[in-house]
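Participant:
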Amino acid sequence: MPPAPFPNRAARATFRRMAESIQITINGETRLIQTRATVADLLAVLSLDTRKVAVERNLEIVPRSAYAATALAQGDTLEIVHFIGGG
């Protein structure tokens with residue numbers, strides 16, 4: 076008898092999560108995110124204020140006005156810079 080494709084519920088859930096995820100690099104750290112996510116989605120998940128960050132995707136600056144329309148893809152490399160005010 077062949078082995079079951081997933082030995083338990085946790086393994087099945089992990090596989091499903093991985094199948095619905097893509098791997099990207101953010102500020103040098105690898106992360107899994109949901110497929111079809113946009114830059115705006117990512118910033119929301121990270122609890123970052125879109126008015127206080129700049130995002131570079133694959134060596135190109137993403138205009139703030141394009142965050143919601145810029146889809147992330149497998150292997151993307153992002154740099155996110157926070158603006159800090161002060162005096």
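One gets my numbering by counting positions in the sequence shown from 1 and adding 75 to each.
Just so you know, even glycine gets a beta-carbon here, dropped at the ideal spot from N, CA and C.
Being a predicted model, the structure only gives us computed values, none of them experimental.
So the alpha helix (DSSP H) Leu117 belongs to, where does it begin and stop?
Facilitator: Looking at the DSSP string, the run of the alpha helix (DSSP H) that includes Leu117 is Val114 to Val120.
Participant: How is Thr125 classed by DSSP in three states: helix, strand or coil?
Facilitator: helix
Participant: In terms of residues, what are the limits of the beta strand (DSSP E) holding Glu135?
Facilitator: DSSP places Glu135 inside the beta strand (DSSP E), whose first and last residues are Glu135 to Val137.
Participant: Can you round the beta-carbon distance between Leu153 and Ile101 to whole angstroms, since I take them to be within the 8 Å contact cut?
Facilitator: 5 Å
Participant: Excluding the 5 residues flanking His157 on each side, which residues of the same chain have their C-beta closer than 8 Å to its C-beta?
Facilitator: Correct list, in chain order: Leu123, Lys127 and Val128.
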